[in-house]
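*Asks:* This structure is in structure tokens; I'll ask about it shortly.
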Amino acid sequence: MSFLNEYITLLQESGPEIFDGFIITLELLVGSCLAGLLLSVPLAIARISTNPWVCWSARGYSSFFRGTPLLVQIFIFYYGLSQFEIIQQSFIWPVLGDSFYCGILVLSLNLTAYMAEDIRAGILSVPHGEKEAASAYGLTGFQRYRYIILPRALSTVTPVLGNEIIAQLKATALVSTITVLDMTGIVRRLSARSYTTDALIIAGIIYALTTLFISIIVRTLEERNNRHLRR
């Protein structure tokens, strides 16, 4: 029971600090996921575009962010780009110069590349007959994507997108390397202060519970989509 008392004491003393870090983690997760989802849809459409310039530009974007480690990307954006005076004097400097916003930016750009590939696969899996039927009804290209293709594609790849969100939750911990005091940053500081891994274990439990909560939401959405498709 002594070890349990140690964790209780730690939560009593440092619980508010860990909770503040968890809020930062959630802000990083929600902000990057919303931005990633919004950006990934046009990128996925660009990936299957018949225009070679659009297609290859989108492919190059995906190749860079999927082919390089996220930690390297974070360092390039936060430490690398800040060396250039033209960047420091540009409109984007308030974002790149702030570790929190820079972290959200890089997480969003990285997640966009992965989600776009998932959504592209979902678009390609939509039966050709449904696309032809939409055209036969006189729907424009935008309307076909808005009412037929994208809803069907997103419902198909919901489990995969859920896995991307879970992976993104874990990826937010890397932002602590650029001085963002998310939950990982907080517990690392607490562990260094106390010379124990107790705070890290508590953080691991919180991450696991959050992952379980996200999985339940994704499973609920998947079941709802399946019921809708069976109608």
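Residues 1 to 231 in UniProt numbering are what the sequence shown spells out, letter by letter. Where a beta carbon is used, it is the ideal one built from N, C-alpha and C, also for glycine. Note that the structure is predicted; figures quoted are calculated from it, not measured.
(1) Going residue by residue through the stretch 82 to 155, where are the continuous alpha helix (DSSP H) segments of at least 4 residues, counting only ones entirely within it?
(2) For residue 93, collect the residues of the same chain with a Cβ closer than 7 angstroms to its Cβ; drop the 5 residues on either side in sequence, then sort them by chain order.
(3) Tell me where the alpha helix (DSSP H) around residue 234 begins and ends.
(4) Rounded C-beta distance between residue 77 and residue 96? I'm assuming under 8 angstroms.
(5) Rounded to whole angstroms, what's the CA-CA distance from residue 199 to residue 190? Just pull it up for me.
(6) In this structure, does DSSP put residue 176 in helix, strand or coil?
(7) Between residue 186 and residue 74, is the Cβ-Cβ spacing less than 8 angstroms?
(8) For residue 143, does the count of other Cβ atoms within 10 angstroms reach 16, so buried, or fall short, so exposed?
(9) Whole angstroms is fine: what's the gap from residue 133's alpha carbon to residue 182's?
(10) Taking just the CA atoms, how far does residue 103 sit from residue 188?
(11) If distances are taken between C-alpha atoms only, which option among 218, 101, 59 and 21 comes closest to residue 247?
(12) Run through DSSP, which three-state label would residue 16 get?
(13) Please state whether the Cβ-Cβ distance between residue 148 and residue 44 is less than 8 angstroms.
(14) Taking the alpha-carbon positions, what's the residue 158 to residue 122 distance?
(15) Give the straight-line distance between the Cα atoms of residue 193 and residue 201, rounded to the nearest whole angstrom.
(16) Candidates 164, 124, 204 and 145: which alpha carbon is nearest residue 37's?
(17) Along the alpha helix (DSSP H) that carries residue 49, what are the first and last residues, could you check?
(18) From residue 138 to residue 215, what distance separates their C-alpha atoms?
(19) Once DSSP output is grouped into helix, strand and coil, what is the label at residue 220?
*Replies:* Concretely, from the data shown:
(1) Fully enclosed alpha helix (DSSP H) runs of 4 or longer: 85 to 88, 93 to 96, 99 to 125 and 128 to 136.
(2) 87, listed in sequence order.
(3) Beyond the ends of the chain as shown, which are 1 and 231, falls residue 234; an answer cannot be given.
(4) Rounded, the Cβ-Cβ distance is 6 angstroms, consistent with contact.
(5) So the alpha carbons of these two residues sit roughly 6 angstroms apart.
(6) Residue 176: helix per DSSP, three-state reduction.
(7) Contact flag unset, no.
(8) With fewer than 16 other Cβ atoms inside 10 Å of its own Cβ, residue 143 counts as exposed.
(9) CA-to-CA, the gap between residue 133 and residue 182 works out to about 49 angstroms.
(10) When rounded, the distance between both Cα atoms is 18 angstroms.
(11) Outside the displayed span of the chain (1 to 231) sits residue 247, for which this structure offers no information.
(12) It is helical.
(13) Taking C-beta atoms as the reference points, residue 148 and residue 44 fail to come closer than 8 angstroms.
(14) Rounded to the nearest angstrom, the two C-alpha atoms are 9 angstroms apart.
(15) Straight-line measurement puts the Cα of residue 201 at about 15 angstroms from the Cα of residue 193.
(16) Residue 164 is the option with its Cα nearest to residue 37.
(17) Neither: residue 49 is in no alpha helix (DSSP H) and is coded neither H nor E.
(18) Those two C-alpha atoms are separated by around 39 angstroms.
(19) Three-state result, residue 220: helix.
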